[in-house]
Structures are given as structure tokens and as C-alpha cells.
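Protein chains: 6
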Amino acid sequence: MLSHLKDLQFEAKPDGPDAAFARRLQEILGGKWGEMTVAHQYLHQGWSCRLPGRYRDLLLGVGTEELGHVEMIATMITRLLENAPLMLEQAAEDNPMVTAGYAGANPAHLVHGGGAALPVDSAGVPWTGAYVTASGNLLADFQLNVTAEAQGRLQVARLFQMTDDPGVKQLLRFLLARDTMHQNLWLAAIEQLREDGLAQMPVPEAFPDGSPRAHAPEPLLPPGDPRLYGTPALEVDPVQSPLS
Amino acid sequence: MLSHLKDLQFEAKPDGPDAAFARRLQEILGGKWGEMTVAHQYLHQGWSCRLPGRYRDLLLGVGTEELGHVEMIATMITRLLENAPLMLEQAAEDNPMVTAGYAGANPAHLVHGGGAALPVDSAGVPWTGAYVTASGNLLADFQLNVTAEAQGRLQVARLFQMTDDPGVKQLLRFLLARDTMHQNLWLAAIEQLREDGLAQMPVPEAFPDGSPRAHAPEPLLPPGDPRLYGTPALEVDPVQSPLS
Amino acid sequence: MLSHLKDLQFEAKPDGPDAAFARRLQEILGGKWGEMTVAHQYLHQGWSCRLPGRYRDLLLGVGTEELGHVEMIATMITRLLENAPLMLEQAAEDNPMVTAGYAGANPAHLVHGGGAALPVDSAGVPWTGAYVTASGNLLADFQLNVTAEAQGRLQVARLFQMTDDPGVKQLLRFLLARDTMHQNLWLAAIEQLREDGLAQMPVPEAFPDGSPRAHAPEPLLPPGDPRLYGTPALEVDPVQSPLS
Amino acid sequence: MLSHLKDLQFEAKPDGPDAAFARRLQEILGGKWGEMTVAHQYLHQGWSCRLPGRYRDLLLGVGTEELGHVEMIATMITRLLENAPLMLEQAAEDNPMVTAGYAGANPAHLVHGGGAALPVDSAGVPWTGAYVTASGNLLADFQLNVTAEAQGRLQVARLFQMTDDPGVKQLLRFLLARDTMHQNLWLAAIEQLREDGLAQMPVPEAFPDGSPRAHAPEPLLPPGDPRLYGTPALEVDPVQSPLS
Amino acid sequence: MLSHLKDLQFEAKPDGPDAAFARRLQEILGGKWGEMTVAHQYLHQGWSCRLPGRYRDLLLGVGTEELGHVEMIATMITRLLENAPLMLEQAAEDNPMVTAGYAGANPAHLVHGGGAALPVDSAGVPWTGAYVTASGNLLADFQLNVTAEAQGRLQVARLFQMTDDPGVKQLLRFLLARDTMHQNLWLAAIEQLREDGLAQMPVPEAFPDGSPRAHAPEPLLPPGDPRLYGTPALEVDPVQSPLS
Amino acid sequence: MLSHLKDLQFEAKPDGPDAAFARRLQEILGGKWGEMTVAHQYLHQGWSCRLPGRYRDLLLGVGTEELGHVEMIATMITRLLENAPLMLEQAAEDNPMVTAGYAGANPAHLVHGGGAALPVDSAGVPWTGAYVTASGNLLADFQLNVTAEAQGRLQVARLFQMTDDPGVKQLLRFLLARDTMHQNLWLAAIEQLREDGLAQMPVPEAFPDGSPRAHAPEPLLPPGDPRLYGTPALEVDPVQSPLS
């Protein structure tokens with residue numbers, strides 16, 4: 000069960016509007032490594048965790064915090080979309096900022112969302128449940144979570160270099176600090192798994208490697224079922240062919 | 000069975016080209032609430048309608064009209080793409096309209112479509128059959144249809160504010176008027192359903208609500224099948240853990 | 000900001016495993032009208048709501064409750080997947096329940112999810128952010144929310160007819176009761192909007208309908224830009240053609 | 000503009016229900032090479048055709064006929080879904096036909112569609128606008144249309160081998176005959192294009208091939224922009240590395 | 000089995016950076032008719048080819064060459080992304096080339112890819128396996144391959160018109176020449192299939208066309224299963240209805 | 000540049016057909032963590048690698064090997080599809096293996112692929128380029144690669160438990176051994192990066208964490224642009240509302 004508190008974890012207010020940056024910021028909301036991905040990934044890992052206690056609590060706790068990050072970024076994007084230039088004619092008024100704001104924006108922000116954030120990435124492609132992995136193997140998943148925080152931190156750091164707006168930069172710096180903390184939490188959880196004797200590398204360690212003989216000749220397939228109307232088999236002489 | 004007439008329902012001709020607006024207009028052709036969605040939604044609802052007569056006729060009639068709207072919008076988009084700026088170098092000629100037209104366009108309109116409309120939305124994401132709902136329950140579906148016309152009308156009204164081209168504005172005004180008429184048709188159909196004694200709120204009314212006891216403790220999952228290589232169960236003491 | 004409580008809103012425990020029903024139940028978790036859709040739809044509508052107070056609070060409150068429903072259904076699916084038949088050979092043991100459980104399951108539940116719920120629908124197609132609409136117009140969105148609860152309630156009622164498991168039926172009955180309550184909440188919110196003088200039909204009412212002249216002749220397109228390598232124009236005589 | 004006629008082009012009635020075959024039949028409704036693809040492909044090619052007369056008429060005429068095929072197949076699928084087994088328990092009654100009908104069905108047909116066709120393929124994946132190509136070059140597109148009819152005819156012929164139901168087989172035979180006719184129409188249109196002097200192979204013939212020098216050494220990339228936080232450059236000696 | 004050689008088939012080096020053109024070039028890497036599609040299509044057709052020898056060898060040989068084209072285009076895109084403008088503020092410096100480069104770029108190239116190519120199209124939509132067809136019928140597939148080279152050649156020729164960069168134009172000219180050669184190879188393979196007596200038009204020729212009677216009255220559907228909660232049947236009089 | 004060798008890395012031949020297992024095996028060909036993902040991920044990471052030498056060589060070498068794994072698995076799937084039951088009527092012959100083989104198969108394998116592998120996952124959802132990450136930061140990407148091998152190894156180990164076919168089991172054992180080797184290679188590469196002084200945790204280490212003040216009050220949004228037709232602002236008294 001979840002509950003919602005009105006306050007935000009951190010103030011998310013830009014100094015001014017910027018529709019083109021609003022589009023870019025969508026990458027960390029609804030992109031492959033954005034907050035929607037980590038929120039749902041950690042929650043699903045928690046919901047299917049068969050070890051009650053600290054591992055499950057950690058997953059559900061961090062997952063829920065990430066939902067609050069979605070909220071902060073959505074609020075920021077909506078604010079960046081204030082006063083977005085709606086018409087090409089505005090772009091003719093010789094202000095390159097307006098031109099770029101018009102042409103670099105995601106039109107769906109305005110036409111579909113009415114000036115608000117959408118669950119899509121920076122190209123406008125919708126977020127998909129395929130981004131979520133909860134494999135039931137905690138070592139594999141904690142490693143993935145370390146990775147997710149690393150990729151996420153990388154994207155936030157890049158976005159930090161793409162704006163001069165102090166309010167936006169403060170939010171990004173806050174998100175970076177949280178990502179670092181979470182990265183360390185997952186690394187500690189991997190360490191704990193090892194101490195608890197629950198998992199080792201490679202994953203899954205319970206499956207012993209064999210040493211099968213490698214290399215085999217070209218595979219030859221039999222003729223197919225005629226009811227599938229594939230090309231019938233015929234002995235052809237490759238030497239005479241113009242194709243060879 | 001359908002037949003095609005050469006004429007359009009309404010003249011769809013812009014006063015001048017505008018590749019950036021062509022991209023935006025795609026939202027009402029191939030977006031979630033665009034004409035492709037309502038056309039296929041109403042047709043599917045009609046094809047699966049188990050009541051011959053007025054409900055079925057209404058669905059198939061309006062659905063077919065919406066296919067004609069796809070045609071009009073596709074024609075308009077193709078005309079707006081005439082003389083689209085093809086090269087960045089053209090954008091250097093100090094005309095912000097050209098710069099915005101180059102940068103704000105959907106490149107696939109030119110490279111893939113050869114200067115014509117595509118079945119995609121304003122971000123270039125392809126239309127998908129997942130946008131269509133035909134549930135077999137007419138009240139639920141008529142309500143959805145009212146909603147679809149409202150969301151569609153909203154998007155058309157926004158696009159009306161995003162251009163000064165009189166020809167485009169006339170087309171949008173025509174589409175708005177038709178959306179209003181359809182919205183009223185679906186509201187009348189809901190009224191008729193009630194008069195015919197066929198459906199009430201909530202949907203489906205045939206299912207009586209009970210009053211189950213709410214609240215339950217934290218769910219505990221049993222250990223998983225070892226053949227799935229999840230993390231094995233182990234009694235751990237959460238007190239001693241650095242994670243808690 | 001959100002917080003997570005360990006308890007569930009309702010006990011979600013089946014009397015026995017059923018991998019085929021687990022796959023079907025995914026429709027109301029990750030399908031178009033499932034709990035992920037309504038949760039994110041209401042939250043996005045709340046995050047972008049420009050009216051502080053009751054409308055915003057309502058949206059964020061119900062949206063957060065729906066996240067708890069995702070949790071309950073995910074837990075139920077994971078429990079239904081216990082002891083799922085892993086091999087075709089098991090299906091040969093002349094128990095049609097096992098045969099159907101093997102063949103009617105979603106293999107990704109086992110191979111990818113390790114025996115747990117996934118954010119996908121009953122066909123295994125991942126949930127997508129395209130299912131979410133937050134238009135910024137409360138009347139349009141509240142109508143959509145009524146619709147979403149109606150479609151959702153319909154699906155839950157159908158699933159209720161597809162199982163004899165008392166535990167599963169209890170959960171479905173609980174979800175049905177909540178959907179009814181939410182349907183009524185959105186209807187009341189529409190009424191309130193009208194009382195507050197904030198919105199009328201059609202949506203958006205602020206845009207006046209005109210009455211444009213309908214009907215236009217077949218559209219003729221000019222020859223295209225030769226740099227796009229379309230078929231060149233040529234005056235042809237349709238009478239002599241074998242195509243006409 | 001399109002209009003709808005109540006009659007079908009051909010009687011589409013199965014001798015009995017078969018939910019598993021209903022799922023398979025979806026491939027030719029909403030699959031990559033199904034009727035939705037050819038309908039929209041031909042219509043888009045017609046809407047963007049810059050040659051008024053026979054080519055445009057042919058495209059719009061055949062495209063509209065294909066929409067009628069969608070209607071016939073949708074009607075057939077809905078009829079095949081009558082009396083679909085809803086519960087696993089029914090599968091226990093020792094009738095392998097029922098077991099296979101339960102497990103081999105697409106659950107979304109029942110839970111989402113209420114027992115009717117959906118715009119999806121045989122795996123349940125929604126149809127997408129990405130299946131449509133209208134390039135603006137008639138020779139390229141007529142070739143693609145020949146191909147589309149060939150792939151479609153292949154799939155219909157395979158489905159013909161997958162059922163004994165005489166009513167279904169008659170519909171499939173009708174579709175096969177229409178596909179053959181359309182295949183021949185597109186071949187004739189290619190011939191006509193050549194006679195009209197409008198296009199030759201390769202496509203686009205207007206672009207002359209050169210003969211550039213092939214082969215180049217391994218590409219070396221410069222160090223990246225430090226603001227993107229890639230791995231920095233460092234002179235390393237590959238000889239000493241455990242990786243080489 | 001495949002092996003990688005460090006050298007490229009052709010030198011892929013632009014004279015200068017151009018982030019907007021980098022986005023456009025993605026169409027022939029990860030678009031519907033791009034190199035990823037033909038590479039995987041030919042390889043899958045080869046892997047499932049039941050005729051050992053020239054047909055299989057041809058498919059695997061050309062498919063592997065296309066993978067090398069993906070490599071060349073990816074390298075070119077990465078080079079075009081050097082020094083991409085990261086901030087809107089740079090666009091304010093009154094250089095329309097920079098404005099267009101900022102606004103016309105795909106932000107995911109920078110935020111997600113760190114300044115490198117992605118497996119997406121020119122709108123940023125990810126490549127999908129649905130673009131690949133390997134039907135098992137060589138005539139149908141060789142025709143599709145001719146088509147794929149024609150559509151691909153068309154797109155490369157259009158991109159050639161969208162840049163003045165000599166290095167980029169040389170790469171495009173090289174790709175055009177290879178596409179022409181492949182188009183001719185597939186045409187020769189079709190000829191060979193005929194000479195070998197393996198396939199004729201229409202595809203599949205083995206299925207004889209019948210001549211079924213066309214035209215049927217409006218289809219009437221029976222009332223649905225009440226457990227699916229569709230609208231119940233009722234005899235209604237269409238004459239009195241406000242809908243008709 | 001790549002070249003193709005006719006031989007396979009390992010013999011991929013089942014002892015008998017099994018259409019249901021063929022569908023399951025697709026997960027490691029075209030699923031999120033399947034061979035197509037790792038092949039393209041490593042190749043893209045190599046193509047954009049700015050450090051010539053061992054890192055680039057390693058990425059391109061392993062990526063190319065994974066393409067050979069796609070080939071082996073595709074060949075195995077095609078062989079498992081031999082003699083697949085095409086009709087429900089066959090399922091009536093009282094052999095549960097046939098019933099499960101009919102109902103548990105992916106129909107697209109037969110109708111679309113003509114009895115061969117497809118680039119899709121075990122639910123039939125097409126592989127997508129969104130599964131590939133090449134961030135330009137080698138430490139982040141090597142960690143992801145360790146993860147990818149762990150998730151992949153997990154899935155192969157699970158599939159090993161889902162079949163008794165010795166030939167299939169040998170192939171899976173071979174793939175497991177290669178995954179283990181690759182997992183170790185990426186771990187060694189991470190070690191090497193550290194020794195070379197190129198990267199540390201967290202990723203990107205070059206960005207210093209700050210310590211921003213957390214917690215902020217509920218965000219209030221200003222009224223929206225009236226041209227977007229959102230709900231207008233109005234001072235409402237939440238106390239009197241039936242919603243609160």
C-alpha cells in the first residue's frame with residue numbers, strides 16, 4: 000500500500016521557461032534509464048522478493064522514493080513548458096532562443112499534454128514495461144540496479160551540462176546525490192548477499208559449467224512441411240549458377 | 000463493405016507550406032486521439048455489435064466518416080510539406096522561418112514518405128492498434144467515444160491556435176464542428192441505451208457490488224522453485240544488517 | 000512524495016496455483032485499462048493540475064491507491080505461478096489441467112520473471128506510457144477517468160467468471176467495489192466542475208463552433224520536389240489504360 | 000470520402016466456434032502483412048499520388064476493398080469466438096479440443112474485446128503504422144504491393160491448411176482469389192509505368208551510380224566532449240593487457 | 000559463425016560535424032528500410048533456407064555485408080555528432096546553423112548515447128524485429144528483397160540531396176552503388192528460381208485459385224455470452240429512435 | 000566489416016521436434032536479455048569506443064561471437080518447429096503432447112515464418128533497439144554487460160530445466176559456458192579500467208556530489224496558457240466540496 004504526501008522531496012522550480020530543455024529532461028522521467036524504470040523495477044523486485052525483511056524493505060523503500068522523483072521531474076517539466084512558443088510566426092521575430100524553443104520542443108507536450116510532462120523519453124517515445132527487470136535472483140537484480148543508477152547518474156550529469164538555469168541545476172544536483180546514495184546501497188546489498196551466503200558469481204552460481212566441445216559443420220535443414228508452401232527442395236548445381 | 004468517392008468532405012488546402020506544422024498536425028491523424036483511432040474504434044465496435052439496427056448503423060456510419068477525415072488531414076499534411084527545406088545550409092540564410100521549418104520538421108516525412116503524411120503522431124511514433132477499444136459493452140464504449148471526441152476536439156482547438164494559415168484554420172474549424180456533432184451523437188446514444196433499458200451505471204451494472212473487508216498484513220511469499228534459480232531462502236536477522 | 004506501507008489494502012491469496020489464469024490476470028495489471036494505466040493517469044493529471052485543493056488532492060489520492068492495487072495484483076499473480084508446470088513432458092501425464100496450465104501460460108513469467116508478475120498485458124505485450132492521458136482539461140480527463148473505471152470494472156467482472164478459486168474471486172470482488180466507488184467519484188467531480196462554473200460540454204466549451212461549407216472536389220497535388228525522387232508527372236490518358 | 004454499405008463482399012460464417020483458430024486468423028487482420036496493412040498502404044499511396052487518374056484511382060479503389068476484407072475477417076473472428084471456454088476447469092473435462100481451445104486462445108479476445116476481433120496479430124501484438132510504406136515513388140511502391148500480396152497470399156494459404164471448417168475455408172479461398180487478382184493488378188501497373196516512361200529499374204533510376212573506391216582502415220575516433228562524461232582517452236599498451 | 004575485421008568496407012568520414020544530419024542519417028541505420036532491417040532479413044532468410052548451396056550462400060553473404068554497412072553508418076553518425084551544441088544558450092549566438100543543429104538534433108544521441116549512433120530511426124523510434132520477414136518461400140522473399148533495396152536506395156538518394164558535406168556524399172554514393180548491385184542480385188536470384196523450376200507467380204503457385212461467389216447480406220451476430228457482460232439483446236424499433 | 004563462415008560454433012540439433020519449447024527458446028534469441036541484445040550492445044559500444052586497442056577489440060570480438068549465437072539458436076528453433084501440429088483437430092487425438100504443442104506454440108512461427116525462428120521474444124513481442132545501451136562511458140557499460148550476461152545465464156539455466164531433449168540441453172550448456180566466460184571478461188575489463196586509471200565508482204566519478212537541502216512544500220502551478228484550453232483557474236473552497 001502506498002500513501003501520497005503533498006510536499007516534494009526537493010524544490011523543483013526553474014528560473015524561466017525552456018520548452019526545448021523540457022523535452023530533453025523527459026529522458027530521465029520516461030526514458031530507458033529514467034525514474035519510471037527504476038521505480039517500477041525496484042517495486043517489482045520487492046513485490047516478488049521471497050526473503051521478508053531487509054532486502055524486501057530496501058527494494059520497496061527505494062522504489063517508492065523514485066516515484067517521488069518522477070513527481071519532481073514532472074513538475075519541473077510542466078513549469079519549463081510555461082509560455083512555450085506556439086507558432087512558427089513567433090520564430091520569425093529574430094530571437095534564436097524562440098526559434099530553437101519552437102523547433103526543439105516536443106509538439107505532443109502542447110497538443111496532447113496541454114503543457115505538461117508525459118510518460119515518454121526525450122524523443123517522445125512512450126515508456127514501456129519492457130524496461131523493467133525483476134528476475135527473482137537478487138544478485139543479478141542488484142547488479143542491474145547498480146548499473147541503472149550509473150546510467151541514470153550519467154544522464155543527469157549530461158543534462159546538468161546542457162542548461163544554465165540555476166533552479167534546474169539544483170534539482171539535477173539533488174537527483175545526482177540521491178543516485179550516488181542508491182548506487183552505494185545496491186553495492187552494500189550485494190556485499191550483504193555474499194555475507195549471508197545467498198549468492199556468488201557467476202549468476203546463477205548453482206548451475207555448474209561444463210566444457211562442451213565447440214565447432215560444428217554447416218547446418219543442413221530438411222525440406223519443410225509442404226502445407227507451409229515454402230520453396231520446394233531441388234538438387235541444384237552451384238557451379239553453373241550466375242549467383243555463385 | 001466500403002466504397003471510395005473521389006471528392007473530399009471539405010476542401011483541405013493551405014495558403015502556404017509549413018513543414019513544422021505538418022509534423023504537429025500528425026497528432027490528429029495518427030496520435031492516440033487522432034482520426035485513425037476513432038475511425039477504427041467505431042468500426043470495430045460496429046463490426047462486433049450484437050444489436051442490428053440503429054446502434055450498429057450509427058457506429059459504422061460515423062467510423063466511415065472518420066476515415067474520410069484521415070484522408071483530408073493526410074492531404075493537408077502532404078500539401079504543407081511542399082518545398083520543405085531539405086538542407087541545414089538553407090537554414091543559414093538568416094530566415095528564422097526556414098531555420099524552424101528545417102529543425103522543427105519530422106525528417107521521416109521527407110526521407111521515408113517522400114514528402115507526404117505518415118500514420119504516426121506528432122513525435123513520429125507510429126499509430127498502434129492498442130489505441131482502439133471495442134469492449135462489446137455499448138455503454139462503456141459510448142462513454143469512451145464521448146471522451147475520444149472531447150480529447151480530439153481539444154487537440155484540434157489547440158492546433159487552431161498554432162497557425163495563422165487561413166486554409167488550415169478552415170479545415171480545423173470544420174473538424175471541430177464535426178467532433179461536436181459526434182460528441183452529441185454519442186451522448187444521445189447513451190440516453191437511448193437507457194431508454195431501451197439496455198444499460199445503467201456503473202458498467203457493467205449486471206455485476207452487484209459486495210462489501211469485502213479491507214486491510215491485510217504484509218504478504219509473505221514461499222521460497223521459489225529451485226529450477227528457476229532465484230535467490231534461496233535464508234533466515235536472516237534484519238537488526239544486524241547495514242541495509243536496514 | 001510517496002511512502003510505502005508494508006500492509007496490503009486487501010488480502011491477495013489464491014487457494015491454489017494456476018499459471019494460465021496468472022497470464023490472464025495480467026490484463027488488469029499491465030493492460031490498456033489496467034491498474035498501471037489508471038495509477039499513472041491520475042497521478043499525471045494531479046501533477047499538472049493548476050487548481051490547488053480538492054481536484055488535485057482527489058487525483059493524487061486515487062492515483063496512489065491504484066498503485067497499491069498494482070501491488071495486490073502483482074502479489075496474486077506471483078502466488079498463482081507457484082509450481083507452474085515447466086516441461087511439456089509433464090503435460091503428457093494425462094491431466095488436462097496441467098496440459099492447459101503449461102500451454103496457456105506466458106513463458107516469460109518463468110524464463111524472464113523467475114515466477115513473478117511482469118508489467119505486461121494478458122498477451123505478454125509490455126505496458127506503455129501511451130496508455131496515459133493527462134490533457135490539462137479536467138472535464139475531458141474526468142470523463143476519461145469514468146470511462147477507464149468502466150472498462151476496468153468490465154474486465155474484472157469477466158475475470159471473475161473465469162475462475163472458481165475463492166481467494167482470487169474475493170480479490171476481484173474487492174477491486175470491483177473500489178472501481179465502482181472511483182467511477183462515482185469522477186462523476187461527482189464532473190458535477191462539481193459544473194457547479195464551480197469551470198467547464199461545460201462540449202470540451203473545450205471555450206471554442207465556438209462555426210458552420211463551414213462542406214464538400215469539395217477531388218484534391219489534385221502538384222508535382223513533387225525532384226530531389227525526393229518521386230515518380231515524375233506525365234499527362235496520361237486514362238481511357239487507354241488496362242488499369243482503368 | 001468513403002461510404003459504408005451494410006452487405007459484405009462475401010459470406011463470412013464458420014460452421015462452428017474455434018477460439019484457437021480465431022487467434023491465428025488475427026495474423027491476416029492485424030499482422031505485418033494483414034489486411035489492415037495493405038488497406039492503409041494503398042490508401043496512403045493514393046492520397047499522396049501526384050498523378051491524377053488511373054494510378055491514383057487504382058490505389059484508392061483496391062485500398063478501400065481491403066478495408067472491406069478487414070470487416071469480413073473481423074466478423075469471422077468474432078463468430079469463431081462464440082462459446083469460447085472461459086475456465087481452466089472446463090479444460091479438465093477430458094476433451095482435448097476444449098483444452099486446446101482454452102490454452103491456445105488469446106485471452107485479450109475475451110477479457111479486453113468481450114469476444115470480438117482486435118487490431119492485433121496472431122501473437123496479440125497490436126498492429127502498427129510502421130507497417131505502412133508510401134514512398135512517393137510509384138515503381139518502388141508497386142513492387143512492394145506485389146510483395147505484400149505475395150506474403151499475404153502465403154499466409155492465407157497456410158491458414159487454409161490449419162482448419163477443416165468449410166465456412167472458414169471458403170472465406171480463405173475467396174481472399175486468396177482476390178490476392179491473386181491484386182497481385183496481377185500491381186504487376187500490370189508496373190508494366191504501365193514503364194510504358195508511360197515514368198520509371199525504370201533500379202529505383203530511383205534518376206540517380207546515376209558511381210564507382211567509389213572500396214576498403215578503408217580501422218576508423219579511429221577522437222576523444223569525446225568531456226561534458227558527456229565518456230571514458231577519457233589514455234595511451235594504453237595492448238600487449239600487457241589481460242584482455243588481449 | 001561470423002568474424003569481425005577491423006577495417007571498414009569504405010572510408011566513412013565527414014568534413015565537419017552536423018548533429019541535425021546525424022539524426023536524419025539514422026533512417027538508413029535503424030529505420031524500417033535501413034541496414035539493420037536488410038542485414039537481419041537476409042540472415043534470417045539464410046538461416047531458415049532449406050536449400051543448401053547458392054541461395055543460402057547468397058543470403059548469408061549479402062546479409063553479412065549489410066552488417067558492415069551498419070558499422071560504417073554508425074561510425075559516420077558518431078563523427079557527425081562531434082561538438083554538437085549542448086545548450087539553448089549557444090543557439091542565441093545568432094548563427095542559424097547552430098540554432099538548427101541544436102533544435103534539429105535527436106537529444107537521445109547526447110543524453111542516452113553520449114554522442115554516438117543508436118539503433119533507432121530518424122524520428123528516434125527504436126528499430127524493431129517486426130521489420131524482418133523471412134517467410135520460408137524464396138520467391139516471395141527475393142521479391143521483398145528487391146523492394147527493400149529499392150526503398151533503401153530511394154532513401155539514400157534523398158539523403159544525398161540533403162547535405163553538401165563531400166565525405167558524407169561519398170559514403171552515400173558508395174551505399175547507393177552497393178544497393179544497386181544487391182537489387183540486381185535478387186532479380187537474378189528470382190530468374191534462377193524460375194530456371195530451377197522452384198517457383199512461379201503468383202506466390203505460392205502451388206495453391207490453385209477457385210472462383211467463389213461474391214456478395215453477402217449484412218452479417219447478424221447472435222447475443223454474446225452473458226459472462227462477458229456485453230450489452231444484452233433487445234428488439235428495438237429503429238424508426239422511433241433519435242439516432243437513426 | 001564482418002565475414003560469415005558456414006560452420007557453426009557448436010552443433011545445434013534437437014533429438015525431436017517441440018513447437019512449444021521453440022516458442023520458449025525465443026526468449027534468449029529476441030528477448031530483452033537475449034543474444035540479439037548483447038550482440039548489438041557490444042557492437043555499438045565498440046563502434047563508438049574512443050579508445051583504440053584492447054577495449055574496442057574486446058567489444059567487437061565478443062559482439063560478433065554473439066551474432067553467431069543468434070544463428071545457432073535460430074537454427075535450433077527452426078529444427079524444433081519441424082512437424083509442428085497445424086490443426087486443432089490433431090489435438091483431439093488424445094495425445095497431450097500434441098495438444099500442448101498445438102496450444103503452446105507461437106502461431107506466427109508457422110503463419111508468418113513458415114516454420115522458422117523470428118526476431119521476437121517468448122511472448123512473440125518483436126525485439127527492439129531500445130534494449131541496446133552504449134553510453135560512451137566504458138565503466139557504466141561494462142557493468143551493464145556483466146549484468147546482461149548474468150540475466151542471460153539465468154534464462155538459459157531456466158530453459159535447461161524446461162526440456163529433456165539431450166541435443167537442446169547440450170546447446171544450452173554450451174551457451175551457459177560462453178556466458179560465464181564473457182561475464183568474467185567484463186569483470187576483468189572493469190579491473191583493467193581501474194588499473195588504467197580511466198574510471199572509478201560512482202559513474203561518472205568526474206561529477207562531484209553536492210549536498211542540497213531536501214524537502215519542499217506542495218508545488219503550486221500558475222494558470223495555463225488559455226490557448227491550450229485547460230480548465231481555467233477559480234478560487235474554490237475545498238471545505239464545502241463533496242469531493243474532499
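Chains as they are written, first to last, in numbering that gives the first Met the number 0: chain F, 0 to 243; chain H, 0 to 243; chain C, 0 to 243; chain G, 0 to 243; chain V, 0 to 243; chain U, 0 to 243.
Glycine included, each C-beta is placed from N, C-alpha and C at the ideal position.
All values reported here derive from a predicted model rather than from experimental measurement.
| Asked | Found |
| --- | --- |
| Span of the alpha helix (DSSP H), counted from its first residue to its last, around F:HIS3 | Segment 1 to 3 is the beta strand (DSSP E) holding F:HIS3; no alpha helix (DSSP H) there. |
| Beta-bridge pairing of C:THR230 - partner residues as DSSP gives them | Paired residues: none, contrary to the question. |
| is_contact[C:HIS108, chain F] using C-beta, thresh 8 angstroms | no |
| Alpha-carbon to alpha-carbon, V:GLN142 and G:GLN142 | 8 angstroms |
| Beta-carbon neighbours of H:VAL124, restricted to chain F and to distances below 9 angstroms | ALA107, VAL119, ALA122, GLY123, VAL124, PRO125 |
| Cβ pair count under 8 angstroms reaching 3, the region 55 to 63 of chain G against the region 92 to 111 of chain G | no |
| Beta-carbon proximity list for C:VAL145, same chain, < 8 angstroms, skipping 5 on both sides | GLN182, TRP185, LEU186, ILE189 |
| Spatially closest choice to H:PRO225 from U:LEU79, U:LEU153, U:ASN136, by CA coordinates | U:LEU153 |
| V:PRO51 vs F:LEU219 beta-carbon contact at 8 angstroms | yes |
| Unbroken alpha helix (DSSP H) run spanning F:ALA102, endpoints | 95 to 102 |
| 8 angstroms Cβ cut-off: residues of chain U touching C:PHE206 | TYR228 |
| Bridge partners - C:LEU174, DSSP secondary structure assignment | For C:LEU174, which the question treats as bridged, DSSP gives no partner whatsoever. |
| Within chain C, partners of U:GLN89 - CB distance below 9 angstroms | The contacting residues do not exist; U:GLN89 stays about 14 angstroms from chain C at best. |
| Beta-carbon proximity list for H:ALA38, same chain, < 7 angstroms, skipping 5 on both sides | GLY62, GLU65, LEU66, VAL69 |
| Where H:LYS31 falls, given that 16 or more other Cβ within 10 Å makes a residue buried | buried |
| Residues that C:ARG172 contacts on chain V, provided the C-beta gap is smaller than 9 angstroms | Neighbours of C:ARG172 on chain V: none; closest Cβ ~15 angstroms, over 9 angstroms. |
| CA nearest to the CA of C:PRO13, picked from C:TYR130, C:ALA99, C:SER134, C:VAL167 | C:VAL167 |
| Three-state secondary structure assigned by DSSP to C:VAL119 | strand |
| Cα-Cα separation between H:LYS216 and F:ASP56, rounded to whole angstroms | In the sequence under discussion, the amino acid at residue 216 of chain H is Pro, which differs from the Lys named in the question. Spanning the two alpha carbons is a distance of roughly 14 angstroms. |
| Members of the region 157 to 183 of chain F near chain H, C-beta cut-off 9 angstroms | none |
| Residues from the region 75 to 102 of chain V in contact with chain D, defined by Cβ distance under 7 angstroms | Considering every chain present, this structure includes no chain D. Its protein chains are F, H, C, G, V and U. |
| Test: V:VAL222 CB closer than 8 angstroms to a CB of chain H | Looking at the sequence itself, residue 222 of chain V is Pro, so the reference to Val does not match. True, the Cβ-Cβ gap to chain H drops below 8 angstroms. |
| Short CB-CB distance (under 8 angstroms) between F:THR63 and chain U | no |
| Short CB-CB distance (under 8 angstroms) between C:ALA149 and chain H | yes |
| For C:ASP120 and C:GLU34, believed in contact at Cβ under 8 angstroms, the rounded distance | Actually they do not touch by this definition, with Cβ atoms about 12 angstroms apart. |
| Span separating the alpha-carbon of U:LEU249 from that of C:GLY151 | For residue 249 of chain U there is no data in the structure shown, the boundaries of chain U being 0 and 243. |
| Per-residue contacts from V:GLY30 into chain H (C-beta, under 7 angstroms) | HIS111 |
| C:ARG193, buried or exposed, once every other Cβ within 10 Å from all chains shown has been counted against 16 | exposed |
| F:GLY112 classed as buried or exposed, judged by whether at least 16 other C-beta atoms fall within 10 angstroms | buried |
| Residues that DSSP places opposite H:PRO125 in a beta bridge | H:VAL119 |
| Start and end residues, alpha helix (DSSP H) containing H:THR36 | 34 to 46 |
| First through last residue of the alpha helix (DSSP H) which encompasses F:ASP224 | No alpha helix (DSSP H) contains F:ASP224, which DSSP labels as neither H nor E. |
| Ordered list of beta strand (DSSP E) runs contained in the region 146 to 207 of chain G, each at least 3 residues | none |
| Between the CA atoms of V:ALA73 and U:TRP46 - distance to the nearest angstrom | 7 angstroms |
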